[in-house]
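Numbering (this note's numbering), first residue to last: 34 to 660.
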């Protein structure tokens, strides 16, 4: 019997994911819809395989044929469209990245590509056209392994034992995921082992439905639905995920599917049934449409949402429901087309995005500009003194120890913070060398200066951050710097300035200076600058929808907190930006280059500019260099 409730739940899941991507501030936990998809897949695959085994009708070939025919055609059409789009409109560095993501998505390994890409100087999500396919890769990996596992269990056990084995595997992997989430959250999020428990939970729901008593099926269905929907607003990207938090929405799924209520308003809603039917196509197409909106500065989210909906309908009827080619022929055609897409996208990747006259866009001045900026970004190590970064040391050498040359003799300037502190390093080092000052640096990626263990980071980021801060504290106590400079990417509003200032002074530092954030651009300042309206302008100060508003709000709160604590705080935004007619305009272009190399990290030229034009005027620094 067709499970209308399951199809409606599929609709709820896809709607939550789409709304989360388009309006993350409104539905902060909508990403849980992906977890719901995993459970639904596990439930359906268990149902299909178990029933066919019971009738002695299961066939590996038949199973994979149905999965290929269901999953591959819509995905391959999307990949092909992006491959053609990229040829005409993406500059080489962007097309190369797309080629890598296309090839990995076409063979369902994209989750591991995105796992490897997460980390230092992580690329903006809105530059990854196929970021959402990580979940499809995980599902396909499940399809490959699960039938083999299930049949192996059935061959040596009766059904009663099989279901208890699956229950044990689910609980074991769930507990393991909780542990891994705390130590390596990115691994937990993207890998098959980190997510398999959610898919196996679908098998547990199939074999161990909750025995509902006392209340009606309708009651339990809506109780489960309430739990699911409330999770979309309870959680946010700041929470450990999936970990134990995912158990909350999936408990709702458990209750809802156990109710098996097929004749309720929820189950028979034509709107939900329709969204359930197009859920796969909608999931595939909504993200590239959103990336397109951000890429080309189209400030029309609602129309973009409508466009993704319309494309999804076309994909559903013209690709998923097409009648021209079916069965074995569709299976063969899908495999051949997969080979074609994989080969072509791999060529794009391996040939650096075809950076030649073969593609006219490669020869454009915008393309050359972005390639130049990427080359500068790739060579930032010496400018940033990445040798002083504990996270880099941990990733590269499996230790948090950093180069001893990061610390000089007693006195001078001590720079403490994250990669945005590193971005100031070059200008500060030049100034220190010019005026005969000692310079010391202790940083770690994403790490806020603190005397306490970080609660904002996880895994190696946390390990490196805690070690970095301990090293900084011990070196400040030993070196007694004349000035400690602290800065970071964001979250300046969360610092207790008075406490941090007093503890640093107690270590023996003479003065402390807190520096506020720089402007943040989405997806990056270079990408904003090549938009036609900015490229054709020579203005140094720009306003753009990609200019992050929240960073101004954080800076305002930080200024007030610092003022009330009577500590020294410099607002870079006050010097780099101005407001006009309700819009913020920020410095972007400098003589000879640009201020920032990506979304916010300063270019070497930008570092020198800020030190020479802003920081040298600060009383604490001017007194230090004029001794």
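Yeah, the Cβ is synthetic: ideal placement off N, Cα and C, and Gly gets one too.
Option nearest residue i by Cα separation, candidates the options
i	options	result
residue 174	198, 142, 549, 506	142
residue 119	110, 131, 109	131
residue 637	493, 479, 459, 648	459
residue 184	254, 220, 84, 105	84
residue 602	452, 150, 654, 472	654
residue 225	145, 308, 289	145
residue 307	283, 349, 191	349
residue 375	526, 521, 116	116
residue 242	361, 593, 291	291
residue 262	274, 563, 269, 285	285
residue 231	188, 640, 281	281
residue 510	432, 450, 442	442
residue 549	565, 485, 595, 289	595
residue 357	106, 624, 45, 92	106
residue 531	568, 523, 484	484
residue 310	598, 597, 41, 82	41
Straight-line Cα distance separating residue j from residue i
i	j	result
residue 474	residue 439	5 Å
residue 278	residue 272	8 Å
residue 68	residue 48	13 Å
residue 235	residue 112	29 Å
residue 129	residue 135	10 Å
residue 186	residue 359	32 Å
residue 153	residue 300	At residue 153 the pLDDT is 41, less than 50, meaning the model places this residue with poor confidence and gives no usable figure here.
residue 331	residue 572	21 Å
residue 435	residue 600	30 Å
residue 643	residue 215	37 Å
residue 490	residue 147	19 Å
residue 647	residue 656	14 Å
residue 179	residue 378	29 Å
residue 149	residue 219	9 Å
residue 77	residue 529	51 Å
residue 182	residue 54	35 Å
residue 199	residue 453	47 Å
residue 495	residue 503	12 Å
residue 339	residue 558	28 Å
residue 538	residue 267	40 Å
residue 207	residue 64	19 Å
residue 500	residue 508	12 Å
residue 455	residue 519	11 Å
residue 640	residue 626	12 Å
residue 62	residue 421	36 Å
residue 237	residue 556	42 Å
residue 380	residue 114	16 Å
residue 193	residue 80	15 Å
residue 446	residue 437	16 Å
Host alpha helix (DSSP H) of residue i (start-end)
i	result
residue 120	93-122
residue 322	312-328
residue 473	From DSSP, residue 473 is part of no alpha helix (DSSP H) but of the beta strand (DSSP E) over 472-476.
residue 617	Where residue 617 is concerned, there is no enclosing alpha helix (DSSP H), although the beta strand (DSSP E) it sits in stretches over 616-620.
residue 545	From DSSP, residue 545 is part of no alpha helix (DSSP H) but of the beta strand (DSSP E) over 545-548.
residue 87	65-87
residue 498	492-512
residue 595	583-598
Where the beta strand (DSSP E) through residue i begins and ends
i	result
residue 517	516-520
residue 603	601-603
residue 450	446-450
residue 301	Counting along the chain, residue 301 falls outside any beta strand (DSSP E), though it belongs to the alpha helix (DSSP H) covering 298-301.
residue 349	Looking at the DSSP string, residue 349 is not in any beta strand (DSSP E), and its letter there is neither H nor E.
residue 536	Element bounds for residue 536: not the beta strand (DSSP E) but the alpha helix (DSSP H), 530-539.
residue 366	First-last for residue 366: 360-383, but that is the alpha helix (DSSP H), not the beta strand (DSSP E).
CB-CB length for residue i against residue j, believed under 8 Å
i	j	result
residue 513	residue 444	7 Å
residue 574	residue 540	Residue 574 to residue 540, Cβ: 40 Å. No contact.
residue 126	residue 407	5 Å
residue 517	residue 542	5 Å
residue 554	residue 321	Between residue 321 and residue 554 the Cβ distance is about 21 Å, and since that is not below 8 Å, they are no contact.
residue 472	residue 457	The pair is not a contact, with the Cβ atoms about 11 Å apart (cut-off 8 Å).
residue 616	residue 464	Incorrect: roughly 33 Å between the Cβ atoms, too far for contact.
residue 606	residue 588	5 Å
residue 476	residue 492	No, residue 476 and residue 492 are not in contact; Cβ-Cβ is about 18 Å, not under 8 Å.
Chain B contact for residue i (CB, 9 Å cutoff)
i	result
residue 80	Absent from the structure: chain B. Only one protein chain is present.
Next on the checklist: When you compare the segment 158-178 with the segment 314-325, are there three or more beta-carbon pairs, one atom per stretch, that lie closer than 8 Å?
Outcome noted: Between the segment 158-178 and the segment 314-325, the count of Cβ pairs shorter than 8 Å is three or higher; the stretches touch.
Checklist entry - Are the segment 334-343 and the segment 65-83 in contact at 8 Å, needing three or more beta carbon pairs? => result With a cut-off of 8 Å, the segment 65-83 and the segment 334-343 do not count as touching, because too few Cβ pairs lie within range.
Checklist entry - Just checking, does the segment 568-584 make contact with the segment 619-635 on the three C-beta pairs under 8 Å criterion? => result Enough Cβ pairs lie closer than 8 Å, so yes.
Next on the checklist: Below 8 Å, how does it come out for the segment 249-257 and the segment 206-215: are there three or more Cβ pairs, yes or no?
Outcome noted: Using a C-beta cut-off of 8 Å, the segment 249-257 makes no contact with the segment 206-215, since fewer than three inter-stretch Cβ pairs fall below that distance.
Next on the checklist: For the structure I just gave you, are there three or more beta carbon pairs, one from the segment 408-419 and one from the segment 479-486, closer than 8 Å?
Outcome noted: The segment 408-419 makes no contact with the segment 479-486; the number of CB pairs closer than 8 Å stays below 3.
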